[in-house]
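Numbering (this note's numbering), first residue to last: 364 to 574.
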C-alpha cells in the first residue's frame, strides 16, 4: 500500500469525500488538496527508517509542507508509524481549519487579536517523544512570537520543533509558511529545557485564519 493510498483511506475514515485527481487527493472536489510521499528510506540492521512528506495545496497555490519520521521492521510498518505521528500532530489542525472536523482532545481553538485584526487560531497538541518536562513558558513564548509578526495574508501556518540530542547539543526550528522564523527560533532555544543525555523532542503545528 502506497503512502497516497494510506492518506486516501485516512481521510475517508473521517467521512470526508476523497477523490484522486492527478497526483493529488481532493476533498469534496475542491482545494485544499493533499499529497503524501515517502522519502529518505534507509535500511538499518534492526529495521527501516523513512520520512513521510505531506503537502497541502491551498486555493492561492501556496503549499503547506509537513514531514514526519517513521521507523519499523519493514517499509509498511515504518510508513504506518510516520502516519501515526502525522495523525497525532498536524492532521487534527488541518481537519479543523479546512473541513470543520474538531477533535477536542487533539486541538485547541482560540480567537486572537493581532495588529488590530481578529484571527482564529487552530492549535495542535504538543507532539512529544521521550521523557521530559515541557518548559512552562513555551506556549506563551510561541503565542507572543506569533503575535509580534506583521501578518498581511489571510492564512498562516507555523511549525515549531525542538530536539535535545544530548546535554550539549540540540536542534531548534521555527517556521512561518515554510520559511525560517529566526527570532522565535532563538527564543525557543533559550527556554529552560531539561539537560539530558537522552534524546527527546517536541513539535507543534498551528494554523491562523483571519476572521
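Don't be surprised by glycine CBs; every beta carbon is placed ideally from N, CA and C. Being a predicted model, the structure only gives us computed values, none of them experimental.
When DSSP assignments are scanned along the stretch 411-480, the uninterrupted stretches of beta strand (DSSP E) that are 3 or more residues long and fall wholly within it turn out to be 426-435 and 470-477. Here the alpha carbons of residue 508 and residue 572 stand approximately 17 Å from one another.
Around the beta carbon of residue 417, 16 or more other beta carbons lie within 10 angstroms, which makes this residue buried. Per the Cβ contact rule, the stretch 434-445 is not in contact with the stretch 482-493 (fewer than 3 Cβ pairs under 8 Å).
Relative to the Cα of residue 559, the nearest Cα in the group 431, 544 and 494 belongs to 494.
Looking at the DSSP output, residue 568 shares a beta bridge with 522. Across the set 551, 544 and 522, the C-alpha of 522 shows the shortest separation from the C-alpha of residue 429. Excluding residues up to 5 positions away in sequence, 525, 526, 527, 552 and 556 lie with their Cβ nearer than 8 Å to the Cβ of residue 533 in the same chain. Exclusion of the five residues before and after residue 451 leaves 490 as the residues of its chain whose Cβ lies within less than 7 Å of its Cβ. Counting C-beta atoms within 10 angstroms of its own C-beta, residue 459 has 16 or more neighbours from the protein chains shown and is therefore classed as buried. In this structure, the straight-line span from the alpha carbon of residue 390 to that of residue 404 is close to 28 Å.
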